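First to last, the sequence lines map onto chains A and B. Here the first sequence is numbered in full-length UniProt numbering, starting from 1 and rising by one per residue. Here the second sequence is numbered in full-length UniProt numbering, starting from 1 and rising by one per residue. From the three backbone atoms N, C-alpha and C, an ideal C-beta is built for every residue, glycine too. Nothing here was measured: the structure is a model prediction, and the numbers come from that model.
There are 2 protein chains.
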Amino acid sequence: MGTTGRKLRADAERSIRTIMEAAERVLSENPGATMEQIAEAAGVARTTIHRRFASREALIDIMTVAAWREIAEAVDAARPSTAPPQVAMYQATANVLRVKSGWRFALTNRGPLSGEAARIEADVIGKCDLAIRRGQQEGAIRPDADPLWVRRVYLALLTEAAHGPHPGHAGPPAETPAETDADIDELATRVMDTLIRGFGPARPEADRPRED
Amino acid sequence: MGTTGRKLRADAERSIRTIMEAAERVLSENPGATMEQIAEAAGVARTTIHRRFASREALIDIMTVAAWREIAEAVDAARPSTAPPQVAMYQATANVLRVKSGWRFALTNRGPLSGEAARIEADVIGKCDLAIRRGQQEGAIRPDADPLWVRRVYLALLTEAAHGPHPGHAGPPAETPAETDADIDELATRVMDTLIRGFGPARPEADRPRED
DNA sequence: GATAATTGCAACACTGATGTATCGGATAAT
DNA sequence: ATTATCCGATACATCAGTGTTGCAATTATC
């Protein structure tokens, strides 16, 4: 019985957090992981998980909603409707990257969402589309670009940046990279750069650089 | 006993194909689908699948190898080492898109590959990296762009293009879109366009188009 | 310190999926 | 036409994972 509105003791809520964090860690590496493995990773008994979450599905649902809530927060924190588009989009990208790397499993597409998660997702997608439309009006994005394709590419770049290997320092393959602010900024820059400028040379007259 | 080298009767080989095709269809929509569901979709008895494939894992392995073989074929068919880079890369993109949309499940990342599939994958990745490096030398790709990031974006664009909703005609959501040559070409153009030119305006002096 | 909640542990029932074995009828190959 | 092979059907054994219950020990809260 996970969400039955009863006052939980402090340690109980701590357990819930620990469980969700462990589940995120384990499931992100093996989506088919068992409750036993999750429990072990969380340092609790398997029955404790079932005490707090009605079922495996419920656990995942709750994690998904929590993750999407954080995403929505991250987007709103960038003040997408008041700040200048470029700044807002960069800020939103950075914020989302931070959240996304902490919810690698919960935020991966495993079929269409349902319930509140779907609602939040639709909301976020809407704001994303709005930003793209504004970007087109501003001239930052080619007006003849298909907005849907732009959005899909943007989201793909986000996932790629959030879950790929680190770019700067080719360090040991840590499972939770513990991204620093500098890392996040570099990734966000990379994503926005790729999206806005693309890989091609900015000036067509420089596309044939002959060796001097 | 899947790969034990015995001469199979014609109908047996037909069964194997049917099973793999059905498995691809079913698993691409539900990766946790059971052998029973696969069998039903293939129009055969569950025991027949076990007759041809030692286990569920073996089935998936064989499918994965088959898919990667086709990918390698598709890449080689573009003559990446002899044709001019731009043409070869476009051709390879189109070919791979066609293959990829037919092996949606087998070609999705479910952790690191092993065995022959891993070998083929490494080979293909190598050719991809080579193409990117040549693209940089040619001036089609900015020389200061991180080749690794370029590759990851390219692969992400491929998946996005192959598995997303169709762009041109907003038709009914067919499960196997049965891509026409025109569709493939449009998608390939889109991918290469996005990769090479990016979304930004080609000429920086046009980035502030004031309304006339 | 009294009380109520939380946890670990052990045991259990239940379900669903996998894989095996066997058989008779159907089908391709010669 | 004969033969070897393949298939569907049924039954079975096995196993892993899920979810539940009860109880004793621990711990937060008042």
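### Query
When the cut-off is 7 Å and only beta carbons count, does alanine 156 of chain A lie next to chain B?
Looking up residue 156 of chain A in the first sequence gives position 156. Yes, because at least one Cβ of chain B sits closer than 7 Å to the Cβ of alanine 156 of chain A.
### Task
Measure the alpha-carbon distance for arginine 14 of chain B versus glycine 32 of chain B and round it to whole angstroms.
Taking the second sequence and counting its residues from 1, the one referred to as residue 14 of chain B is at position 14. Taking the second sequence and counting its residues from 1, the one referred to as residue 32 of chain B is at position 32. Roughly 25 Å between the two C-alpha positions.
#### Entry: Under 7 Å by beta carbon: chain B residues contacting arginine 190 of chain A
Translated into positions along the first sequence, residue 190 of chain A becomes position 190. Within chain B, the residues near arginine 190 of chain A are Trp149.
#### Entry: Chain-order list of residues whose beta-carbon lies under 7 Å from that of alanine 23 of chain A (same chain, five-residue window excluded)
One-based indexing of the first sequence puts residue 23 of chain A at position 23. Ile38, Leu59, Met63, listed in sequence order.
#### Entry: Where valine 44 of chain B sits in the DSSP three-state scheme
The sequence position of residue 44 of chain B within the second sequence is 44, counting from 1. It is coil, neither helix nor strand.
### Query
When you check each C-beta in the segment 116-137 of chain B against every C-beta of chain A, which residues fall closer than 7 Å?
none
### Query
Alpha carbon to alpha carbon, what distance is there between alanine 77 of chain A and aspartate 181 of chain A?
Translated into the one-based positions of the first sequence, residue 181 of chain A becomes position 181. Translated into the one-based positions of the first sequence, residue 77 of chain A becomes position 77. Those two C-alpha atoms are separated by around 16 Å.
### Query
Between the segment 68-84 of chain B and the segment 94-103 of chain B, are three or more C-beta pairs nearer than 8 Å?
yes
### Query
With a cut-off of 7 Å, does the C-beta of glutamate 24 of chain B fall near any C-beta of chain A?
As a position in the second sequence, residue 24 of chain B is number 24, starting the count at 1. By this cut-off, glutamate 24 of chain B is not an interface position.
### Query
Roughly how many whole angstroms lie between the Cα atoms of alanine 131 of chain A and threonine 82 of chain B?
Working through the first sequence from its first residue, we reach residue 131 of chain A at position 131. Working through the second sequence from its first residue, we reach residue 82 of chain B at position 82. Their Cα atoms are separated by approximately 43 Å.
### Range covered by the alpha helix (DSSP H) that runs through alanine 92 of chain B
Counting from 1 along the second sequence, the entry for residue 92 of chain B is found at position 92. Residues 85-102.
#### Entry: leucine 107 of chain B and alanine 72 of chain B closer than 7 Å at C-beta
What you label residue 107 of chain B is simply residue 107 of the second sequence in a count that begins at 1. What you label residue 72 of chain B is simply residue 72 of the second sequence in a count that begins at 1. Not in contact: leucine 107 of chain B and alanine 72 of chain B (Cβ atoms no closer than 7 Å).
### Query
Residues of chain B with a CB under 9 Å from the CB of glutamate 186 of chain A: which are they?
For the purposes of this step, residue 186 of chain A is taken as the residue at position 186 of the first sequence. The premise fails here: glutamate 186 of chain A is roughly 11 Å from chain B at the closest Cβ pair, so nothing lies under 9 Å.
### Exposure label - serine 101 of chain A; buried when at least 16 CB within 10 Å
Your numbering for residue 101 of chain A matches position 101 in the first sequence. With 16 or more Cβ atoms within 10 Å of its Cβ, serine 101 of chain A is classed as buried.
### Message
Beta-carbon within less than 6 Å of isoleucine 19 of chain A's beta-carbon, same chain only, minus the 5 sequence neighbours each way: which residues are those?
### Response
As a first step, residue 19 of chain A must be located in the first sequence, where it is residue number 19. Excluding sequence neighbours, isoleucine 19 of chain A sits near Ala42, Ile49.
### As assigned by DSSP and simplified to three states, the class of glycine 164 of chain B
Translated into the one-based positions of the second sequence, residue 164 of chain B becomes position 164. Three-state result, glycine 164 of chain B: coil.
### Query
For the alpha helix (DSSP H) that contains serine 27 of chain B, what are its first and last residues?
Here residue 27 of chain B refers to the residue found at position 27 of the second sequence. A small fix is needed here, since residue 27 of chain B is leucine in this sequence, not serine. Note, leucine 27 of chain B: alpha helix (DSSP H), 10-29.
### Query
If you draw a straight line from the C-alpha of glutamine 86 of chain B to the C-alpha of arginine 134 of chain B, how long is it?
Working through the second sequence from its first residue, we reach residue 86 of chain B at position 86. Working through the second sequence from its first residue, we reach residue 134 of chain B at position 134. Cα-Cα distance, rounded: 10 Å.
### Task
In angstroms with no decimal places, state the Cα-to-Cα distance between alanine 161 of chain A and valine 191 of chain A.
For this step, residue 161 of chain A is matched to residue 161 along the first sequence. For this step, residue 191 of chain A is matched to residue 191 along the first sequence. If I take the Cα positions, the gap works out to 7 Å.
### Message
Quick check: what's the CA-CA separation for leucine 155 of chain B versus valine 44 of chain A?
### Response
Numbered from 1 along the second sequence, position 155 holds the residue referred to as residue 155 of chain B. Numbered from 1 along the first sequence, position 44 holds the residue referred to as residue 44 of chain A. Approximately 40 Å between the Cα atoms of the pair.
### Query
Between A/Arg152, A/Arg110, A/Tyr90, which lies nearest to isoleucine 184 of chain A when the distance is taken from Cα to Cα?
Start at 1 with the first residue of the first sequence, and residue 184 of chain A comes out as number 184. Nearest C-alpha to isoleucine 184 of chain A: A/Tyr90.
### Task
Tell whether a beta-carbon distance below 7 Å holds between leucine 157 of chain B and phenylalanine 105 of chain B.
Position 157 of the second sequence holds residue 157 of chain B. Position 105 of the second sequence holds residue 105 of chain B. Against a cut-off of 7 Å, the Cβ pair of phenylalanine 105 of chain B and leucine 157 of chain B comes out as no contact.
### Query
Interface residues of chain A around glutamate 36 of chain B at Cβ under 8 Å?
Here residue 36 of chain B refers to the residue found at position 36 when the second sequence is read from its first residue. None at all; the shortest Cβ gap to chain A is about 18 Å.
### Message
Assuming isoleucine 120 of chain A and arginine 69 of chain A are in contact, meaning their beta carbons sit under 8 Å apart, how far apart are those beta carbons, in whole angstroms?
### Response
Counting from one through the first sequence, the residue named residue 120 of chain A turns up at place 120. Counting from one through the first sequence, the residue named residue 69 of chain A turns up at place 69. Confirmed, Cβ separation roughly 6 Å.
### Contacts that glutamate 160 of chain A makes with chain B (C-beta to C-beta distance below 9 Å)
Along the first sequence, one-based indexing puts residue 160 of chain A at 160. Those are Trp149, Arg152, Val153, Leu155, Ala156, listed as they occur along chain B.
### Message
By the three-class DSSP mapping on this structure, what secondary structure does glutamate 179 of chain B have?
### Response
Position 179 of the second sequence holds residue 179 of chain B. It is coil, neither helix nor strand.
### Task
Identify the contact partners of glycine 43 of chain A in chain B, using a Cβ-Cβ distance below 7 Å as the criterion.
Your numbering for residue 43 of chain A matches position 43 in the first sequence. Chain B residues near glycine 43 of chain A: none, gap ~25 Å exceeds 7 Å.
### Message
Applying the 10 Å Cβ sphere with the 16-neighbour rule, what's the burial state of isoleucine 125 of chain A?
### Response
Here residue 125 of chain A refers to the residue found at position 125 when the first sequence is read from its first residue. Isoleucine 125 of chain A should be labelled exposed.
### Task
Go ahead and pull the three-state DSSP assignment for leucine 107 of chain B.
Along the second sequence, one-based indexing puts residue 107 of chain B at 107. Note: leucine 107 of chain B maps to coil in three-state DSSP.
### Task
Using a Cβ-Cβ cut-off of 7 Å, state whether leucine 164 of chain A counts as contacting chain B.
The residue you call residue 164 of chain A lines up with position 164 of the first sequence. Note on identity: in this sequence residue 164 of chain A is glycine, with leucine being the wrong assignment. Taking Cβ atoms only, chain B reaches closer than 7 Å to glycine 164 of chain A, which makes this a yes.
### C-alpha distance - glutamate 21 of chain B paired with alanine 188 of chain B, whole-angstrom precision
In the second sequence, the residue the question calls residue 21 of chain B occupies position 21. In the second sequence, the residue the question calls residue 188 of chain B occupies position 188. Taking the straight line from one Cα to the other gives about 24 Å.
### Query
Going straight from the alpha carbon of aspartate 61 of chain A to that of asparagine 30 of chain A, what length do you get?
Numbered from 1 along the first sequence, position 61 holds the residue referred to as residue 61 of chain A. Numbered from 1 along the first sequence, position 30 holds the residue referred to as residue 30 of chain A. Their backbone Cα atoms lie some 17 Å apart in a straight line.
### Message
For a quick check, are the C-beta atoms of arginine 152 of chain A and glycine 111 of chain B less than 7 Å apart?
### Response
In the first sequence, the residue the question calls residue 152 of chain A occupies position 152. In the second sequence, the residue the question calls residue 111 of chain B occupies position 111. No. Outside cutoff.
### Message
Tell me the rounded alpha-carbon separation between valine 99 of chain B and glutamate 179 of chain B.
### Response
Locating residue 99 of chain B in the second sequence gives position 99, counting from the first residue. Locating residue 179 of chain B in the second sequence gives position 179, counting from the first residue. If you take the alpha carbons of valine 99 of chain B and glutamate 179 of chain B, they lie about 11 Å apart.
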